[in-house]
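In the working numbering, the protein residues as written are 6 to 73.
A quick write-up on the structure given underneath.
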């Protein structure tokens, strides 16, 4: 199963997009030792449980592919 994907650099004021499946969690000021803290959106599938293990797909929108 897919845990989710991260969209780094999303503007804090941007509303979360509407989804047809799953849910989004916004993590503001996500820390990193490599870059300044940034906003990260995490998509979770329907029925996600924190107690289960999932496969993960990480995606970076550095070229604004998903978000204008």
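Here a beta-carbon is modelled for each residue, glycine too, at the ideal position from N, C-alpha and C.
Note that the structure is predicted; figures quoted are calculated from it, not measured.
Assumed close pair residue i, residue j - CB separation to whole angstroms, cut-off 8 Å
{"i": "residue 26", "j": "residue 46", "result": "Rounded, the Cβ-Cβ distance is 15 Å, inconsistent with contact."}
Same chain, Cβ closer than 7 Å to residue i, neighbours up to 5 away in sequence not counted
{"i": "residue 30", "result": "47 and 49"}
Close beta carbons around residue i, own chain, < 8 Å, minus the five adjacent residues each side
{"i": "residue 35", "result": "13, 42, 43, 44 and 45"}
Other residues of its chain near residue i: CB distance less than 6 Å, five sequence neighbours each side excluded
{"i": "residue 57", "result": "none"}
Minimum C-alpha distance to residue i - residue among the options
{"i": "residue 54", "options": "19, 21 and 28", "result": "28"}
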